[in-house]
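In what follows, a single structure is set out as structure tokens and then discussed.
Here is the structure:
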């Protein structure tokens with residue numbers, strides 16, 4: 001022990017130090033430690049291999065000092081920069097050293113930036129998410145809303161070896177909706193949908209995955225201003241039976257689009273509507289069809305003629321004639337004193353041009 005107090009122990013640069021005291025040369029537990037902490041005075045390798053050194057009661061520098069060196073408040077020389085190449089060295093050490101880790105060690109490592117996301121940036125495990133869905137991952141490209149861990153990376157392998165893989169959040173279509181909603185609520189927009197092309201790509205993806213999305217997430221989605229109308233303006237959706245005054249846009253049967261649009265209702269873009277039908281069905285967003293169109297016309301007919309465009313009216317009359325059986329089912333003819341039989345609601349619509357127009 002007296003020998004340990006003497007400054008006769010050379011470090012890697014041949015400078016002599018004591019082994020115990022305030023300023024000492026350190027004894028590494030493995031060769032990897034030397035590489036991880038290159039600026040820490042370490043006992044010369046040839047000396048550290050001598051038999052008498054191994055008999056000394058000196059605590060070697062091991063995993064506990066590495067964990068401390070990774071902490072944000074670590075001071076040189078006992079500090080490891082949070083840089084890609086240095087973190088890869090740490091990972092290699094943790095994966096190959098065979099050094100036993102306590103549960104506290106594992107907990108500490110989970111909160112330190114020893115895992116690389118798929119942009120090769122060091123992160124704590126707690127902020128990383130994972131997905132095998134390449135298309136979903138691409139939707140997040142260019143944002144830092146979610147930080148992804150590559151399933152085939154050494155970082156994932158390390159998480160598995162440390163028994164921490166179960167802590168990694170799985171990114172799903174539901175997660176995507178939640179992330180968009182969070183951005184809209186807090187910033188008025190989301191980086192995931194702040195451009196028409198992005199928004200359309202997200203909607204197409206969610207429609208394709210609609211069967212996997214929980215109902216509550218679908219309902220949340222319909223309340224987000226992501227859906228383009230005929231002019232490209234984004235808004236929320238509403239079902240065909242929703243009040244005409246309620247905020248939102250309708251999905252409409254193709255043959256009736258021109259009429260419903262002409263009388264002043266906001267409609268979902270026709271191309272988007274076609275692509276989103278699986279999503280709309282999952283959300284119980286019904287399409288405006290014949291009966292609802294008549295009801296909407298009735299609302300607009302209270303004060304004035306809802307539409308005066310001759311071409312649009314002609315299209316409507318042609319469609320009403322083609323669907324006369326369906327029309328009669330919903331609006332059967334009734335006896336009207338002094339008038340021909342007819343349905344009061346249909347007859348009350350201001351869609352019938354007179355001879356004067």
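Numbering (full-length UniProt numbering), first residue to last: 1 to 357.
C-beta: ideal position from N, C-alpha, C; glycine also.
In this text the structure is predicted, and so the values were computed from the model without any measurement.
Expected contact under 8 Å - CB spacing of residue 158 and residue 94 to nearest Å: In the chain shown, counting from the first residue as 1, residue 158 sits at position 158. In the chain shown, counting from the first residue as 1, residue 94 sits at position 94. Rounded, the Cβ-Cβ distance is 6 Å, consistent with contact.
Can you tell me where the beta strand (DSSP E) holding residue 47 begins and where it ends? Looking up residue 47 in the chain shown gives position 47. Unbroken run through residue 47 is the alpha helix (DSSP H), 45–48; no beta strand (DSSP E).
Can you tell me whether residue 228 is buried or exposed, with buried defined as 16 or more other CB within 10 angstroms of its CB? As a first step, residue 228 is located in the chain shown; it is residue number 228 there, counting from the start. Buried, since its Cβ has 16 or more Cβ neighbours within 10 Å.
Taking C-beta to C-beta, are residue 326 and residue 297 nearer than 7 Å? The residue labelled residue 326 in the question sits at position 326 within the chain shown. The residue labelled residue 297 in the question sits at position 297 within the chain shown. No, Cβ-Cβ distance for residue 326 and residue 297 is not below 7 Å.
Do residue 345 and residue 312 have their CB atoms nearer than 7 Å? Translated into positions along the chain shown, residue 345 becomes position 345. Translated into positions along the chain shown, residue 312 becomes position 312. Not in contact: residue 345 and residue 312 (Cβ atoms no closer than 7 Å).
Starting from residue 139, trace the beta strand (DSSP E) both ways and give me its first and last residue. The residue given as residue 139 occupies position 139 in the chain shown. Looking at the DSSP string, residue 139 is not in any beta strand (DSSP E); the run it does join, the alpha helix (DSSP H), is 134–139.
Three-state secondary structure assigned by DSSP to residue 169: Mapped onto the chain shown, residue 169 falls at position 169. Three-state DSSP puts residue 169 in a strand.
Assuming the contact rule is C-beta atoms closer than 8 Å, residue 250 and residue 233 should be a hit. Round their C-beta distance to whole Å, please. As a first step, residue 250 is located in the chain shown; it is residue number 250 there, counting from the start. As a first step, residue 233 is located in the chain shown; it is residue number 233 there, counting from the start. 14 Å between Cβ atoms; not a contact.
Where does residue 205 fall in DSSP's three states? On the chain shown, residue 205 is found 205 positions in, with the first residue counted as 1. Shown here, residue 205 sits in a helix according to DSSP, grouped into three states.
The stretch 44–59 touching the stretch 69–82, judged by at least three CB pairs closer than 8 Å: no
Backbone secondary structure at residue 265 - three-state DSSP: Here residue 265 refers to the residue found at position 265 when the chain shown is read from its first residue. Residue 265 falls in the coil class under three-state DSSP.
Taking only runs that begin and end inside the stretch 278–338, name each unbroken beta strand (DSSP E) of 3 or more residues, in chain order. 334–336
CB-CB under 6 Å to residue 256, same chain, minus the five flanking residues each way: which ones, in chain order? Looking up residue 256 in the chain shown gives position 256. Closer than 6 Å at the Cβ level, and outside the excluded window around residue 256, lie 293.
Check this for me: beta carbons of residue 226 and residue 199, under 7 Å apart or not? Working through the chain shown from its first residue, we reach residue 226 at position 226. Working through the chain shown from its first residue, we reach residue 199 at position 199. In this structure, residue 199 lies closer than 7 Å to residue 226 by Cβ.
Note the first and the last residue of the continuous beta strand (DSSP E) segment covering residue 129. Reading the chain shown from its first residue, position 129 is the one you call residue 129. From DSSP, the beta strand (DSSP E) with residue 129 extends over 128–130.
Measure the C-alpha to C-alpha separation of residue 140 and residue 54 and round it to an integer number of angstroms. Position 140 of the chain shown, counting from 1, holds the residue named residue 140. Position 54 of the chain shown, counting from 1, holds the residue named residue 54. Straight-line Cα distance between these residues: approximately 53 Å.
Measure the Cβ-Cβ separation of residue 11 and residue 24 and say whether it is below 7 Å. Position 11 of the chain shown holds residue 11. Position 24 of the chain shown holds residue 24. For residue 11 and residue 24, no; Cβs fall outside 7 Å.
Would you report the Cα separation of residue 96 and residue 41, rounded to the nearest angstrom? As a first step, residue 96 is located in the chain shown; it is residue number 96 there, counting from the start. As a first step, residue 41 is located in the chain shown; it is residue number 41 there, counting from the start. When rounded, the distance between both Cα atoms is 23 Å.
Would residue 149 and residue 155 qualify as a contact pair, given that the criterion is a beta-carbon distance under 7 Å? Residue numbering aside, residue 149 sits at position 149 when the chain shown is read from its first letter. Residue numbering aside, residue 155 sits at position 155 when the chain shown is read from its first letter. Contact flag set, yes.
Are the CB atoms of residue 306 and residue 263 nearer to each other than 7 Å? Position 306 of the chain shown, counted from the start, is the residue given in the question as residue 306. Position 263 of the chain shown, counted from the start, is the residue given in the question as residue 263. In this structure, residue 263 lies closer than 7 Å to residue 306 by Cβ.
Where does the unbroken alpha helix (DSSP H) through residue 80 begin, and where does it stop? In the chain shown, residue 80 corresponds to position 80, counting from 1. Careful: residue 80 lies outside any alpha helix (DSSP H) and carries neither H nor E.
I'd like the span of the alpha helix (DSSP H) that includes residue 63, first residue to last. In the chain shown, residue 63 corresponds to position 63, counting from 1. Unbroken alpha helix (DSSP H) run through residue 63: 63–70.
At least three beta-carbon pairs within less than 8 Å, the stretch 126–136 to the stretch 165–178: yes
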